[in-house]
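Data block below; observations after.
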Amino acid sequence: MTKIAPSILSADFAKLGEEIKEVEKAGADYVHVDVMDGHFVPNITIGPLIGDAIKPITNLPLDVHLMIENPDVYIPQFAKSASIITVHQEACVHLHRTLQLIRSHGVKPGVVINPGTPAEAIKPVLTEVDLVLLMTVNPGFGGQSFIKEVVPKIAQIAAWRDEMGLSFEIEIDGGVNEETAAVCTANGADVLVAGSAIFNQSDRKKAIDLIRKSAEK
Ligand code: DX5
Ligand code: ZN
757 MTKIAPSILS ADFAKLGEEI KEVEKAGADY VHVDVMDGHF VPNITIGPLI GDAIKPITNL
817 PLDVHLMIEN PDVYIPQFAK SASIITVHQE ACVHLHRTLQ LIRSHGVKPG VVINPGTPAE
877 AIKPVLTEVD LVLLMTVNPG FGGQSFIKEV VPKIAQIAAW RDEMGLSFEI EIDGGVNEET
937 AAVCTANGAD VLVAGSAIFN QSDRKKAIDL IRKSAEK
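With the working numbering, the residue at position 194 of the sequence shown is 950, and numbering never jumps.
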């Protein structure tokens, strides 16, 4: 079954704990934590303290998406609460080293690419990762529109996974909703991140069910 990872970027931060408990009860599989530094992306969001605060209140794995420069400096701090840490290929000078650093902290490493970055940029590290995250918006904000030109990249990464006999998950992030979920899973996605399509709805269970239903088509 397709995994759903609600992005807390669109949650009400004044009651973050309740928001997370609600999506956990509604059937979410991961909690997606969007970390932005105001340098790699034009927005500032969550630091490691928030990860430490929410870890004890949920049984769901924290899927920490680092949209920051110099991720190596902060990986040890985020590793205290994260189950998965994904880093952008565009932000890593020594990508293998960074992915190995994540694993050395007992956390699953994942690699992310922006919509404008070709799949070939991460082919050399596919053997190192537990997850590949393909952005379907340019990172920085919730509520943007799905860039459909990324879809062939999902199929390409899935094809390489088969050819290479690997088993990493393929996750899609940006503009995922009940309309766009189907094309992602039809092309090989396993995990769908959704922020506004879940947290901007009053009935979170209904929102998750609608995305999953579209994904299973
Ligand atoms: C964008 C973030 C996303 C974002 C998704 O930079 O990485 O995780 O929260 O939000 P929606 O689902 O609203 O596009
Ligand atoms: Zn994200």
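A virtual CB, placed ideally from N, CA and C, is assigned to each residue, including glycine.
Grab the span of the beta strand (DSSP E) containing A761 for me, first residue to last.
K759 to P762
Would you mind reading off the limits of the alpha helix (DSSP H) that contains T842?
That residue, T842, is in no alpha helix (DSSP H); its beta strand (DSSP E) goes I840 to H844.
For A953, verify whether its CB is less than 7 Å away from any heavy atom of the ligand DX5.
yes
Quick one, are the C-beta atoms of E775 and D768 less than 8 Å apart?
yes
CA-CA distance, L889 and M823?
12 Å
Using only alpha-carbon positions, find the residue among M920, Q833 and A877 that is nearest to G862.
Q833
My output table needs one value for E925: the three-state DSSP class, helix, strand or coil.
strand
According to DSSP, is P798 helix, strand or coil?
coil
Suppose you measure from the CA of K864 to the CA of I810; what does that come to, to the nearest Å?
19 Å
Rounded separation between V906 and H852 - CA only:
24 Å
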